[in-house]
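**Student:** From first to last, the protein sequence lines are chains S and V. For the first sequence, position 229 matches number 229 in my numbering, and the numbering has no gaps at all. Plus 369 on top of the position in the second sequence (first one is 1) and you've got my numbering. A virtual CB, placed ideally from N, CA and C, is assigned to each residue, including glycine. As the structure is a prediction and not an experimental result, all values here were calculated from the model. Below are the structure tokens for one structure; questions will follow.
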Amino acid sequence: MSEIGQRKTKIEVKEALKSIAAEMHNKMERGVPPSMTLPVRAKTNIGFDNKLGVYKYGKKKSTRDATSLGSARQLLRSLHVTEFIEQMIDSGKSSTLREMYYISEGWGHGKFGSQNESNNLAEDLEIVTKCLREDFKLRPEEDGARIIGNVTFEERNRKGDWMKINCRDDVGDSGYGVPYNVEAEKLTLIEEDVDFIMAIETGGMFDRLVENGFDEEARCALIHLKGQPARSTRRIMKRMSQEWNKPILVFADCDPWSFRIFASIAYGAIKTAHISEYLATKEATYLGITADDILAYDLPSDELTKQDLGALDSELTDPRFNTGYWKDQINLMKEIGKKAEQQSLAKYGLDFVTDTYLPEKLADEGLNY
Amino acid sequence: MGGPSGEFEMVDARDISNKQKQIAVSEFFEKNKHFLGFDSLQRSLITAVKEAVDNSLDACEEARILPEIKVEINRQKGDDIELISQDNGPGIPRDAIENVFGKFLLGSRFHAIRQTRGQQGIGITGVVMYAQLTTGAKTRVISKIAKESSAVFVELGLDTRKNKAIKSRERRDVWADENTGEEIAHGLKISTVMKAKYQRGKQSVFQYLRMTSIVNPHATITLVVKDRDGDILEDAKWIRTSEKLPRVVEEIKPHPHGIQLGTLQRMLRESEQNRMTSFLRHNFSGVSVRAAKELLSKSEIEENRHPKRINSEDTKRLIHSFQEIKLLPPPTDCLSPIDDLLIKKGLSKAIDSRFASTVTRLPSVSQGNPFQIEVGLVFGGDLTSDGPIEVLRFANRVPLMYQQGGCALTKAIESINWKQYGLDHPGGKGLPKGAAAVLIHLASTNVQFTSEAKEAVSDNEEVFEEIRKGLLEVGRGLKNHLKKNTQREKAREKFELVNVILPEIANKTSKILGREVPDLAPVITQIMNAVFCEEELGWDKERKVATCSIKVFNYTARARAYTILLKWPESESVSIVENSNGGRKEARGIWAWRLDTLNPGSSATISIALSGLSKGDWTDTDVFFRGNGDIIGATKIDEKLLDEIRKNEAINVVRKEMLEVNNITTENNQVEVQEVVFNDNDDSEIIDIFSKFEEEEI
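Okay, here's the thing in structure tokens:
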């Protein structure tokens, strides 16, 4: 699965899906409630894979069987989705997850209760069949990232032609929009002239760095994550790191949720741990804002809320944060009881971030300009 | 409205105290408007509607007419509001109109106590006064009594110096209904214009009428509120759910235990009797000849002293002895409870809910005042679940809308640990939260309020305890209901799972794989692995019977045998008219059926029909079972509880027999009882002659 070239054929995908139906059918023939076996998708069941260097699901399995109404409905939905995917593969169509959610309106008792349910089920099927949702012809609704900087991609457009795009010269202020599919059949990494790649959590900060011409001044590519990064965003960062061998730095707010954004980029997300080796960039570094920065730069800050504190405590038992660095950061944050936004740096003026803060932080990482 | 003018004691406002003799009524009104209910624009409108509607209900009740009451509120320029109130009551005779609308009524009649709504307001005169003071408007009255061929049309104002009504533009005419044009046989309509404000919410005319309709299920009440340009702002119609008028309440005399010094002095001063013995016997309840003699000797007062010559020292001693001599309790037939079944109907008329439990407690006595508590609880449906429950307080069928926090009725609700009955009750303090409403009705000949505003009932231990007992009873009902709901929901899910989802799964896998659909019976047994019971209560419109069907499904791998027991509302008027499976009576209100052996995968159905109930009377029941292995949807019968029911039944039978024996017993030991009988009969003719005889003696 880690190699793009080894993607499954249509027949293999259909067979993999049919094996789910077969497991259920065989059980019923034996007089046993039908079921489906899945890894437990929680932080208690992710472990570090030494070989891959990212977090993957562990051995804990949960069985979804038809002894409760909720589980039985899930099984019925899986079968409806299986049928739907088969039809799409046969007719050469694809649909968004949202479209599938609406199509399920016609599935009677198999219809989805919410969009979230259909997204989760698509992921379940990926896990069980070891296919990617691209194989299922299912597209996410989610918005990919924006990139600005002196890097060049080649993207296959709707007409099927390859189109070369330089993310500094061929784009407007909003940058290059990352498509939902960034696999080899759709996107090729052509060339770059940068020293590092910086991923930024908020749009406000991304625009500030663009306006200040930071990409040229510091010779870097800027990526706007748009909050929790989409799969394609994480995937393109992974490819840029692997294929161009450039450092990836993450610049986010200083709050528990930003830590999780970083963890999903660097170690793998809990929800998609079945394809962590494919999405996670283990070389990524957290640049800031750190809890130390709040003190060191005396940044304007907000009190941690009850939810924030709960999230921090939960992170302390998350294996991905079980390192000296993160334990220190989380405990320090709890101790000072504060969080701060990226844009709080504006306290010292609009240029402070590009003139002082980032150069100092980058120098700590050995990147001088 | 009003009724015969002798109904109330008319107290001339100038008599209220000697000092106030020269003060105009308008000044008295102005000074006291906070407790007369006219202290704000919003409240004045509610009070005016309340006075009109309470009078209408009282008058209809007395004339044995099912009330149809229409309230119309029309906004006019500025703060002016036109209030129209119309009823189908007996109307007021021409000569009584001046008195009903022109004199202040304060309190209820002195020497005779009974439960009336009118106790709680100053009367319709206050409305006439308020309108005149704020807008100068006259109050227009149309009154038609059945035996006269035409109605009286008249406009009324008040001479505030003389405390007298001023009539103008009086005429007689045929009174026809505005909409149908038909002549109205009897009724009363008043309309007036006052400064007021119409608002929605917890304290509004709408809420007042809604609450009134709950405790008066025999009344149909309509409300229309119109804007300045005639657009309807709000309208509501609460249609009667019962054709049964509240029973006529007996008047009773005060009981010595509840008498205060001032009252006693006044009663002595106004006595119509010439001897203390007859004074005590005829002005109080619970005082026999023997008790009167004992009271007087204890207080060192000669039996033949004239009541008007009793000095204040004597009076104090007499009050003291009231507490020392054993007296009979006051009779309780002076109370008019609403009746638990009717409260349920009233509540369902106003609130769409999933569950309603109501209880009417037996009458009790506190400090010589008979009282009776009724409690209702509704849950679910239209009620909102965030925030505290809705509290509906009533005293003698009159809604209490203000000062909820300081009211003993509210405090009783707050004293219950609602958490154990299934309501959210943070910290066990204050009102519980959730989609529920609690109704409390206090019926009493003497409701004690915390202040003259008469909006909050003051603390009283006996009343408090009675309310608590009632609340616990409805609370238990709620708890059972919620538990049953959870079980029912669980059973429903299982049924949907095996009957709908599982077959669909099997069809789909077969289709995807191109294989045969497997036999699901063994899968179903394994999934369910339980015995289920479902009961359904219904109403057969054509045959007018309440129905109940109980289905028992055995979804286990073994054969099962059970006895099923059903709780039903057995009474003298309710009986089982249809019964599919025979069975036998297990105890009062509990019927039992022994079922044949239920094989795996099979089911059995029991159905019965009850006569003597009306639609909506039977909405909740309990199903029990006896036998091995649990049944989801039924409770294992508690044999101890069953024994207790049987024992109580036996005790009741014995008690009845004993009562019958008592009724024919002796003269020697039963002197008191005999006197009660004499008092109860209250042969008024004899007593009247007796009192006249006394008067002639002077």
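Please state the DSSP three-state secondary structure of histidine 555 of chain V.
**Tutor:** It is coil, neither helix nor strand.
**Student:** Please compile the residues from chain V whose C-beta is within a distance smaller than 9 Å of the C-beta of glutamate 83 of chain S.
**Tutor:** Lys877, Lys880, Ile881
**Student:** Looking only at its chain, what residues have a beta carbon closer than 6 Å to the beta carbon of asparagine 157 of chain S, apart from the 5 residues adjacent to it on each side?
**Tutor:** Met163
**Student:** Count the other CB atoms, across all protein chains shown, that sit within 10 Å of the CB of arginine 234 of chain S; report buried if there are 16 or more and exposed otherwise.
**Tutor:** buried
**Student:** Tell me whether glutamate 216 of chain S is buried or exposed, calling it buried when 16 or more other Cβ atoms sit within 10 Å of its Cβ.
**Tutor:** exposed
**Student:** Which residues in the same chain as tryptophan 544 of chain V place their Cβ atom closer than 6 Å to its Cβ, once the five residues preceding and following it in sequence are excluded?
**Tutor:** Residues Ile511, Lys513, Ala520, Ile553 of the same chain have their beta carbon placed closer than 6 Å to that of tryptophan 544 of chain V, with the five preceding and five following residues left out of the count.
**Student:** Compile a chain-ordered list of the residues in the segment 987 to 1021 of chain V whose CB is closer than 8 Å to at least one CB of chain S.
**Tutor:** Against chain S - using a Cβ distance shorter than 8 Å - the segment 987 to 1021 of chain V contributes no residues.
**Student:** Beta-carbon of threonine 63 of chain S versus every beta-carbon of chain V: anything under 8 Å?
**Tutor:** Chain V, which has no Cβ nearer than 8 Å to the Cβ of threonine 63 of chain S, makes this no.
**Student:** So is histidine 689 of chain V buried or exposed if we call it buried at 16+ other beta carbons inside 10 Å?
**Tutor:** exposed
**Student:** Beta-carbon within less than 7 Å of glycine 556 of chain V's beta-carbon, same chain only, minus the 5 sequence neighbours each way: which residues are those?
**Tutor:** Gln455, Asp456, Asn457, Gly458, Gly460, Lys513
**Student:** Identify the contact partners of methionine 333 of chain S in chain V, using a Cβ-Cβ distance below 9 Å as the criterion.
**Tutor:** Per Cβ cutoff of 9 Å: no residues; methionine 333 of chain S is ~32 Å from chain V at best.
**Student:** Quick one, are the C-beta atoms of alanine 825 of chain V and glutamine 772 of chain V less than 8 Å apart?
**Tutor:** yes
**Student:** Comparing the C-beta of valine 32 of chain S with each C-beta of chain V, is any distance below 8 Å?
**Tutor:** yes
**Student:** Looking at the structure shown, is asparagine 1032 of chain V part of a helix, part of a strand, or coil, going by DSSP?
**Tutor:** In this prediction, asparagine 1032 of chain V has a pLDDT of 48, which is less than 50 and means its spatial position is unreliable; nothing more can be read from the coordinates.
**Student:** Are the beta-carbon atoms belonging to arginine 239 of chain S and valine 182 of chain S less than 8 Å from one another?
**Tutor:** yes
**Student:** When the Cβ atoms of the segment 902 to 913 of chain V are set against those of the segment 102 to 112 of chain S, are three or more pairs found closer than 8 Å?
**Tutor:** no
**Student:** Mind checking if glutamine 895 of chain V is an interface residue toward chain S, Cβ cutoff 8 Å exclusive?
**Tutor:** With 8 Å as the cut-off, glutamine 895 of chain V counts as an interface residue toward chain S.
**Student:** Compare the C-beta of isoleucine 1068 of chain V with all C-beta atoms of chain S and state if any pair is closer than 8 Å.
**Tutor:** Residue 1068 of chain V falls outside the range modelled here, since chain V spans only 370 to 1067, and no answer is possible.
**Student:** Who are the neighbours of isoleucine 874 of chain V on chain S, taking C-beta pairs under 8 Å?
**Tutor:** Met24, Met28, Pro34, Ala66, Ala72, Leu75, Leu76, Leu79
**Student:** Looking only at its own chain, which residues have a Cβ that is under 6 Å from the Cβ of serine 366 of chain V, when we skip the five neighbours before and after it?
**Tutor:** The structure shown does not extend to residue 366 of chain V, since chain V spans only 370 to 1067, so no value can be given for it.
**Student:** Does the Cβ of leucine 811 of chain V have 16 or more other Cβ atoms within 10 Å, making it buried, or fewer, making it exposed?
**Tutor:** buried
**Student:** Going by DSSP, name the residue or residues bridged to tyrosine 286 of chain S.
**Tutor:** S:Val250
**Student:** Below 8 Å on C-beta distance, what does alanine 21 of chain S contact in chain V?
**Tutor:** Lys877, Thr878, Ile881, Leu882
**Student:** Taking 8 Å as the threshold, find out whether the segment 413 to 428 of chain V comes into contact with the segment 561 to 571 of chain V through three or more Cβ pairs.
**Tutor:** The count of Cβ pairs closer than 8 Å, one atom from the segment 413 to 428 of chain V and one from the segment 561 to 571 of chain V, reaches three, so the stretches are in contact.
**Student:** When you compare the CB of leucine 69 of chain S with every CB in chain V, is at least one pair closer than 8 Å?
**Tutor:** Residue contact check for leucine 69 of chain S against chain V: a CB pair falls below 8 Å.
**Student:** State the start and end residues of the unbroken alpha helix (DSSP H) segment that holds tyrosine 101 of chain S.
**Tutor:** 97 to 103
**Student:** By the criterion of Cβ-Cβ separation under 7 Å, what are the contact partners of proline 891 of chain V in chain S?
**Tutor:** Gly31
**Student:** Report all residues from its chain with a CB closer than 6 Å to the CB of glutamine 634 of chain V; omit the five preceding and five following residues, and keep chain order.
**Tutor:** Thr684
**Student:** Per DSSP, what kind of secondary structure is leucine 906 of chain V in: helix, strand or coil?
**Tutor:** Strand.
**Student:** Do the CB positions of serine 705 of chain V and arginine 762 of chain V come within less than 8 Å of each other?
**Tutor:** No. Outside cutoff.
**Student:** What separation, rounded to the nearest whole angstrom, lies between the Cα atoms of aspartate 1007 of chain V and arginine 995 of chain V?
**Tutor:** 9 Å
**Student:** So arginine 73 of chain S is in the alpha helix (DSSP H); what residue range does that whole segment cover?
**Tutor:** 69 to 91
**Student:** Using three-state DSSP, classify phenylalanine 136 of chain S as helix, strand or coil.
**Tutor:** coil
**Student:** With three or more beta-carbon pairs closer than 8 Å as the criterion, would you say the segment 498 to 512 of chain V touches the segment 520 to 538 of chain V?
**Tutor:** yes
**Student:** Can you give me the Cβ contacts of methionine 88 of chain S inside the same chain, cut-off strictly under 7 Å, excluding the 5 residues immediately before and after it?
**Tutor:** Ser94, Ser95, Lys137
**Student:** Cβ atoms of leucine 841 of chain V and isoleucine 785 of chain V: under 8 Å apart, would you say?
**Tutor:** yes
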